[in-house]
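*Asks:* I'd like to ask you about the structure that follows.
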Amino acid sequence: MDAKRQLGEFLQTRRAQLTPQDVGLTTYGDRRRVNGLRREELALLAGVSASYYSRLEQGHSSNASAEVLDAIATALRLDDAERRHLHDLATGTRRRPDTRRTAPERTTPAVRQLMAALHEVPALVLGRRSDVLAWNRAGHLLFAGHVDFAAPQRAETRPNMARLIFLDPHTRDLYADWHQKARAVVGTLRLTSGRHPDDPALAALVGELTVRSPEFARMWAGHRVKSGGEPTYEMRHPLVGTMHVVQQALRTEQDQSVIIATTEIGSPSHAAMTLLVHSAVTAPPADATVDHGVTSGP
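Just so you know, the working numbering puts 81 at position 80 of the sequence shown, and the rest follows in order with no gaps.
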């Protein structure tokens, strides 16, 4: 993925979302040919020259300072996640493309130990491209019980949560508000693309989803990035019914995410989750070589 193009498209989409009225600019009734703010208006708000901002948006400038980027972020009213994404994109334009082959992602012993300790809480480990690197039995049953439990053990068979969300009907039916979950997945991939613009496997995943899912293509073109927070999803599980589930993400030093699913204590959702977890932890192991239901990369 071209870092300069990503930077320009991100700036364009955010500029198009602001109107002169949003930022207190007077237009005197002039006819406007663009959606949102004009480049010169955004440049004025950011305190930079219109020509400089135009070059930045067109990918012809890659030396913007942190102060200039912060001024542009403030003018565009970016939130904290979007501001960090802007800096990541600008940093990517200054790096030489990394042509080295990306090593397969693996979970560390510490992460596998954490997953073993969480055997009564649905949990899974996602790589930076949303590949499932590991899950415990409860996490497998909650998120993708129709997929082979042992699949994450081999790189060539690992499920990918972005593919499941956009291309797998079982996973799509799991979320009452599928669009909420889909937007979060796209936003996470956008953040990753800013941090790793030269990742060929990520580019291939985005290309595949863009071709196979018009909904993904439309969301990806919006350049939305995922904000912070702990989203609650209404999940309609085929075994225990509807639950309101909080999905929390813990970031590891390897740029992986441990996703933990919880419910409100004492709620009907908690009772349903307890039943689901009990059925998972009491099920006979499918693979005697996997201790505590934890899988890892090759």
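No residue lacks a Cβ here, since even glycine has one placed at the ideal position from N, Cα and C.
Please confirm whether Val-133 and Arg-107 have their CB atoms less than 8 angstroms apart.
*Replies:* Cβ distance not < 8 angstroms, so Val-133 and Arg-107 don't count as in contact.
*Asks:* For a test of the three-state rule: what should DSSP assign to Thr-92, helix, strand or coil?
*Replies:* Residue state, collapsed to three classes: helix.
*Asks:* For Ser-131, which residues does DSSP report across the bridge?
*Replies:* Note: Ser-131 sits in no beta bridge, so no partner.
*Asks:* Just verifying my parser: in three-state terms, what is the DSSP assignment at Val-24?
*Replies:* Val-24: helix per DSSP, three-state reduction.
*Asks:* Can you tell me whether DSSP reads Val-241 as helix, strand or coil?
*Replies:* Three-state result, Val-241: coil.
*Asks:* Terminal residues of the continuous beta strand (DSSP E) containing Val-259?
*Replies:* Note, Val-259: beta strand (DSSP E), 258-263.
*Asks:* Is Thr-14 helix, strand or coil when you go by DSSP?
*Replies:* Helix.
*Asks:* Inspect the beta-carbon positions of Pro-123 and Gly-146 and report whether they are closer than 8 angstroms.
*Replies:* Contact flag unset, no.
*Asks:* Just to confirm before moving on: does the CB-CB distance between Asp-89 and Arg-252 stay below 8 angstroms?
*Replies:* It is not a contact, given that the beta carbons lie outside the stated cut-off.
*Asks:* The alpha helix (DSSP H) with Val-212 in it runs from where to where?
*Replies:* First-last of the alpha helix (DSSP H) with Val-212: 201-213.
*Asks:* Candidates Leu-43, Leu-115, Arg-184: which alpha carbon is nearest His-224's?
*Replies:* That would be Arg-184, whose Cα lies nearest to the Cα of His-224.
*Asks:* Could you pull the start and end residues of the alpha helix (DSSP H) that Ser-52 belongs to?
*Replies:* Counting along the chain, the alpha helix (DSSP H) containing Ser-52 begins and ends at 51-58.
*Asks:* Just to confirm before moving on: does the CB-CB distance between Thr-92 and Ser-131 stay below 8 angstroms?
*Replies:* Result no, Cβ atoms of Thr-92 and Ser-131 do not sit closer than 8 angstroms.
*Asks:* By Cβ distance below 6 angstroms, which residues in the same chain neighbour Thr-233 in space, the five residues on each side in sequence not counted?
*Replies:* For Thr-233, where only same-chain residues beyond five positions count, the Cβ hits under 6 angstroms are His-245, Val-247.
*Asks:* Tell me whether Ala-281 is buried or exposed, calling it buried when 16 or more other Cβ atoms sit within 10 Å of its Cβ.
*Replies:* Buried, because 16 or more other Cβ atoms sit within 10 Å of the Cβ of Ala-281.
*Asks:* DSSP three-state label for Leu-77, please.
*Replies:* It is coil, neither helix nor strand.
*Asks:* Among Lys-182, Leu-8, Gln-257, Ala-118, which residue has its Cα nearest to the Cα of Asn-137?
*Replies:* Nearest C-alpha to Asn-137: Ala-118.
*Asks:* At what residues does the alpha helix (DSSP H) containing Asp-174 begin and finish?
*Replies:* Start and end: 170-175.
*Asks:* Work out the CA separation of Gly-128 and Asn-161 for me, nearest whole Å.
*Replies:* So the alpha carbons of these two residues sit roughly 9 angstroms apart.
*Asks:* Which residues share a DSSP beta bridge with Thr-233?
*Replies:* Answer by DSSP bridge pairing, in chain order: Val-247.
*Asks:* Counting Cβ pairs, one atom from each stretch, are 3 or more of them under 8 angstroms apart for the region 198-218 and the region 150-159?
*Replies:* Short answer: they don't touch.
*Asks:* Can you look up Leu-38 in the DSSP assignment and give me helix, strand or coil?
*Replies:* DSSP places Leu-38 in coil when its eight states are reduced to three.
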